Amino acid sequence: MSQRIPVTELTGDFRQRAEDALGDDQLRTNFRTAMDSLMTKRADAFPDEEEREGLRELGNRIKARALSRLPDLLEQLETRLTENGVQVHWAETVEEANRLVHGIIERRQGSRVVKGKSMVSEEMEMNAYLAERGIESLESDMGEYIVQLDDEKPSHIIMPAIHKNRRQVSRLFHDHLGEPETDDVNELIRIGRRTLRRKFMDADVGVSGVNFAIAETGTLLLVENEGNGRMSTTAPPVHIAVTGIEKVVQNLRDVVPLLSLLTRSALGQPITTYVNLISGPRKPEELDGPEEVHLVLLDNGRTGAFADAQMRQTLNCIRCGACMNHCPVYTRVGGHTYGEVYPGPIGKIVTPHMVGLHKVPDHPSASSLCGACGEVCPVKIPIPELLQRLRQENVKNPDEAPKVKDGGAKYSRSERLVWGLWQQLNTRPLLYRLFLWGATRFRKLTPAKAGPWTDNHTAPVPARRSLHDLAKDHLARQGGR
Amino acid sequence: MSELFYDAAPNATRVAPERPVPRHYPAKPPEVILFGTCVVDLFFPEAGLDAIRLLEREGIQVRFPANQSCCGQPAWTSGYVAEARAVARAQLELLDAGLPVVVPSGSCAGMFRQHYRELFAGDAGMLEKVERLSEQTFELSEFLVHVCRVNWQDLGSPTRVALHTSCSARREMNTHLHARELLDKLSNVERVDHDHESECCGFGGTFSVRMPEISGAMVKDKTQSLVASGADEMVTADGGCLMNINGSLDKQREAFRGRHLASFLWERVSGERKEEVA
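Those protein sequences? They're chains A and B, same order as listed. Residue 21 in my numbering sits at position 21 of the first sequence, and the numbers go up by one each step. Residue 1155 in my numbering sits at position 155 of the second sequence, and the numbers go up by one each step.
Listed below in structure tokens is the structure:
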């Protein structure tokens, strides 16, 4: 596997991919089943509404406080980590981050990397970058391993292979590893584990993500359920952690509620099986642990979001995935439809800062604004409100200084004209009533086809008489006004 | 757990709205304004009229200002702020008459109560009016339950209904609770649950025409679960959802239909059985 890993190319635009996904019954069933189960688990993990709401409020405040002091906390984090023997690196772009990671591996003359789950490394497309330079980078999280075997990208930030059912995984293992097919999930896990265990011992470098970077103590906190994260960060002689700059929090006390919110919102767990607190490389008197620990702090558009008081709230995100689990759109189209690293509601609001609205012009519109995401977000990011904001930025004249990367991506003079007419109609009472009169009088002329609406509905026929008309007559009879 | 709730410091960047605080309701007023909403105006006018009748039955005189049009929501959710603001301003001027404003649609009421603030953020003069309107705005079922405190005798024959509430209305106005309470007052009406009841019907205003594939899949699932619920019909207090659900049912040639809550309620309490107005 030392050749370039061909990540499946995503073709077509958002709507085309959505249509393809909607036509795939197996995919629809896989997602519906999984999301239903995750929603139930989350609900069961928060039996007390008052406690849940208090905790969410607290989570929001902790993150907001951390963000309000972000530059200071990052500086403090660097100082403390350096004191602890961790080497801290800063990357403004994914290219820089990849170069840094590659540089560290090269210095150690490493050729085999084993990875714990990390969405930031997905953001960097680190596997592909390293593969092009002759370095094998193996995913050790079971879900990540499955999508890597199938040359895919994760379809969910917590459960990367959630789009596949057990039979599909069994076939994949059969095809790639020569294992006999089985329906038994435990057996599938055993197969994956057997294959991966050997790799940990051989690896030159372990790569991981970070859930919380604690400034006061210089600690990197990592949660996981499979033990692969602990192995990736302790077995190889070098550990490289990669994370976004928004993951920093002030102190360990802040972590307690955030951790509880994260694990309960994500999988309905009171706590994950493993909680790793990493505070430096192996000390002279210690028997195990890596000789070197590095942290790469990635910006990749985050400071752009930070600069805008409203969009800054996107940086509250602790990557639990609850918004996608509860999203009726995500549930139907799955993660790959979004075509970007972060799918679902949170993906729609964090991706524009990273790649620009030109690359994801349809994302802000792909929501009925039902509000389910905002309702479950453990740190109270008002996702619908931010989607609305992105819609505004999306249709602005690009000549006005854009406030979000590639603002004005959906600017359309003809659409602006339509809304201008709509405004005239609804601000001129006589015109509005004339419209009502015409629409009700000539209701039989309503065309049977009315754009995309009639793809899913029969054409809406206006009533015989408008409420304006009916109310006037009725109230006149009642002697009202 | 309480020791965890230490002061996490105020935060300057937070814009997230608080969970709506329990609302204080006034005594029953002699007079109200009905804001019909544009969808009801053109497609479900009988529902608007039934809302007027329900209010009059409680001894309330209803005003229907002829210059009303739309709350501005379609432009607002499409990102056209200036256009939405112009339309909102026209309604604000009209509705600022010191009377309660009753709205037979949760999402339009939610627009008045929640989103006008965002629409006029920074405009102190307008915000004063916005606050007054927000205080005075009541979704119809909320008004019937908490202000009129209706007490009805059900004159209809036994029936089973499924209740659909629009998402924004449910989350912003608690309409599901109010509508349930009204249905519970009717002795011959049994409310049945349907699968994924709290999931969006897929309307979402312009979402339904911008993303027809996804919206269509959502409304198809919603209609299927409504049909499978065993209810005789669906009731909802939102014109947008009603148009979406009925239009989809018609397209699928299903006989099952939804009806506006106001029309359903009026039929039950007046004993009048009306012909469906297409």
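The beta carbon of each residue, even a glycine, is placed where N, CA and C say it ideally should be. Computed from a predicted model, the values in this text were never measured in an experiment.
Which chain A residues are close to residue i, counting only those with a beta carbon under 7 Å from its beta carbon?
i: B:Leu1042; result: Leu436, Ala439, Pro462, Ala463 and Ser466
i: B:Arg1210; result: Ser365
i: B:Arg1171; result: Gly371 and Glu375
i: B:Asn1281; result: As shown, chain B starts at 1001 and ends at 1278. That puts residue 1281 of chain B outside it, with no answer to give.
i: B:Phe1064; result: Ala471 and Leu475
Using a cut-off of 9 Å between C-beta atoms, extract the partners of residue i located in chain A.
i: B:Asp1250; result: His457 and Thr458
Compare the Cα-Cα distances from residue i to each of the options and report the closest residue.
i: A:Ser279; options: A:Val210, A:Arg194 and A:Ile245; result: A:Val210
i: B:Gly1125; options: B:His1176, B:Leu1092, B:Glu1199 and B:Lys1220; result: B:Leu1092
i: B:Ala1090; options: B:Asn1188, B:Lys1129, B:Glu1267 and B:Gly1258; result: B:Lys1129
i: A:Ala266; options: A:Asp25, A:Met35 and A:Asn30; result: A:Met35
i: B:Gly1098; options: B:His1176, B:Ser1168, B:Pro1045 and B:Pro1026; result: B:Pro1026
i: A:Gln478; options: B:Val1039, B:Val1062, B:Ala1047 and B:Glu1058; result: B:Val1062
i: A:Arg15; options: B:Phe1207, B:Asn1067 and B:Arg1085; result: B:Phe1207
i: B:Gly1205; options: B:Arg1180, B:Ser1168 and B:Thr1223; result: B:Ser1168
i: A:Val256; options: A:Gly335, A:Val223, A:Val238 and A:Asp25; result: A:Val223
i: A:Lys380; options: A:Thr351, A:Asn300 and A:Leu262; result: A:Leu262
i: B:Cys1038; options: B:Val1032, B:Ala1066 and B:Ala1179; result: B:Ala1066
i: A:Phe200; options: A:Asn397, A:Arg112 and A:Cys323; result: A:Arg112
i: B:Asp1195; options: B:Phe1203, B:Leu1183, B:Thr1175 and B:Ala1231; result: B:Ala1231
i: B:Gly1202; options: A:Glu292, A:Leu431 and A:Ser365; result: A:Ser365
Which residues of chain B have a Cβ atom closer than 8 Å to the Cβ of residue i, listed in chain order?
i: A:Trp419; result: Ala1075, Ser1078, Tyr1080 and Glu1083
i: A:Ser19; result: In the sequence as presented, Ser is not what sits at residue 19 of chain A; that position holds Glu. Under the 8 Å cutoff, chain B gives Glu1213.
i: A:Pro511; result: In the structure as shown, chain A starts at 1 and stops at 481, and residue 511 of chain A therefore has no counterpart that could be examined.
i: A:Val395; result: Ser1078, Gly1079 and Tyr1080
i: A:Arg15; result: Met1211 and Glu1213
Report the three-state DSSP secondary structure of residue i (helix, strand or coil).
i: A:Gln478; result: helix
i: B:Glu1139; result: strand
i: A:Leu258; result: helix
i: A:Lys199; result: helix
i: B:Thr1236; result: strand
i: B:Val1062; result: strand
i: A:Asn211; result: coil
i: B:Ile1033; result: strand
i: A:Gln87; result: strand
i: A:Ser137; result: strand
i: B:Leu1155; result: coil
i: A:Thr314; result: helix
Near residue i, what residues of its chain come up, given a Cβ to Cβ distance below 7 Å and the 5 sequence neighbours on each side ignored?
i: B:Lys1220; result: Ser1248
i: A:Leu220; result: Val210, Ala213, Ala241, Ile278 and Leu295
i: A:Arg319; result: Met119 and Ile157
i: B:Thr1223; result: Ile1245, Ser1248, Leu1249, Gln1252 and Glu1254
i: A:Ala439; result: Pro462
Quick one: what's got a C-beta closer than 8 Å to residue i's C-beta in the same chain, skipping five residues either side?
i: A:Leu470; result: none
i: A:Leu67; result: Glu246, Phe306, Arg312, Leu315 and Asn316
i: B:Arg1053; result: Trp1266 and Ser1270
i: B:Phe1005; result: Reliability fails at B:Phe1005, whose pLDDT of 38 lies under 50, so the model's placement of it is uncertain and the value that follows must be treated cautiously. Cβ neighbours of B:Phe1005 beyond the five flanking positions: none.
i: B:Val1015; result: Any reading at B:Val1015 needs caution, since the residue's pLDDT is 38, under 50, leaving its predicted position unreliable; the model's value is listed next. Within the same chain, B:Val1015 has no close Cβ partners at all.
i: A:Gln3; result: Confidence is the limiting factor: at A:Gln3 the pLDDT is only 37, short of 50, which leaves the residue's position unreliable and the question unanswerable from this model.
i: A:Arg443; result: Val461, Pro462, Ala463 and Arg464
Whose C-beta lies closer than 6 Å to the C-beta of residue i among residues of the same chain, with five residues either side of it excluded?
i: A:Arg17; result: Thr337
i: A:Asn228; result: Gly116, Ser140 and Asp141
i: A:Asn30; result: His163 and Asn165
i: A:Leu149; result: Leu172 and His176
i: A:Leu38; result: Asn325
i: A:Gly335; result: Ser155, His156 and Pro343
i: A:Asn251; result: Glu216
In chain B, which residues lie with their C-beta within 7 Å of the C-beta of residue i?
i: A:Thr427; result: Ala1086, Val1087 and Ala1090
i: A:Tyr432; result: Ser1069
Can you pull the chain B residues whose beta carbon is under 9 Å from the beta carbon of residue i, in chain order?
i: A:Gly485; result: Absent from the structure is residue 485 of chain A, since the part of chain A shown begins at 1 and ends at 481.
i: A:Ser140; result: Near A:Ser140 there are no residues of chain B at all, since even the closest Cβ is about 33 Å away, more than 9 Å.
Touching or not, the segment 1158–1165 of chain B and the segment 1227–1243 of chain B, by the rule of three or more beta carbon pairs under 8 Å?
Taking one beta carbon from each stretch, the segment 1158–1165 of chain B and the segment 1227–1243 of chain B have 3 or more pairs nearer than 8 Å; the two touch.
If you pair each beta-carbon of the segment 1246–1253 of chain B with each one of the segment 1124–1135 of chain B, do three or more pairs fall below 8 Å?
Here the segment 1246–1253 of chain B does not lie against the segment 1124–1135 of chain B, with fewer than 3 beta-carbon pairs under 8 Å apart.
For the 8 Å Cβ check, are there 3 or more pairs between the segment 300–319 of chain A and the segment 359–376 of chain A?
Fewer than three pairs of CB atoms, one per stretch, sit closer than 8 Å, so the segment 300–319 of chain A makes no contact with the segment 359–376 of chain A.
Three or more beta-carbon pairs under 8 Å between the segment 326–339 of chain A and the segment 1204–1221 of chain B, yes or no?
Look at the beta carbons and you see the segment 326–339 of chain A touching the segment 1204–1221 of chain B: at least three pairs across the two are nearer than 8 Å.
Is the segment 227–241 of chain A touching the segment 288–302 of chain A, taking contact as three or more C-beta pairs under 8 Å?
Flag = yes, the segment 227–241 of chain A and the segment 288–302 of chain A touch.
Decide if the segment 63–74 of chain A is in contact with the segment 95–105 of chain A; the criterion is three or more beta carbon pairs, one per stretch, under 8 Å apart.
Cβ pair count under 8 Å is below three, so no.
At least 3 beta-carbon pairs within less than 8 Å: the segment 1062–1077 of chain B vs the segment 408–418 of chain A
Short answer: they don't touch.
Can you find at least 3 beta carbon pairs, one from the segment 166–174 of chain A and one from the segment 115–133 of chain A, that sit closer than 8 Å?
No: fewer than three Cβ pairs fall under 8 Å.
Check whether the segment 424–437 of chain A touches the segment 1190–1204 of chain B, taking contact to mean three or more Cβ pairs, one atom from each stretch, closer than 8 Å.
Touching, no, given that fewer than three Cβ pairs across the two stretches are closer than 8 Å.
Residues of the segment 1152–1167 of chain B whose Cβ lies closer than 7 Å to any Cβ of chain E, in chain order:
Among the protein chains in the structure shown, which are A and B, there is no chain E.
Would you call the segment 1136–1155 of chain B in contact with the segment 1169–1188 of chain B, where contact means no fewer than 3 C-beta pairs closer than 8 Å?
With contact defined as three or more Cβ pairs closer than 8 Å, the segment 1136–1155 of chain B and the segment 1169–1188 of chain B are in contact.
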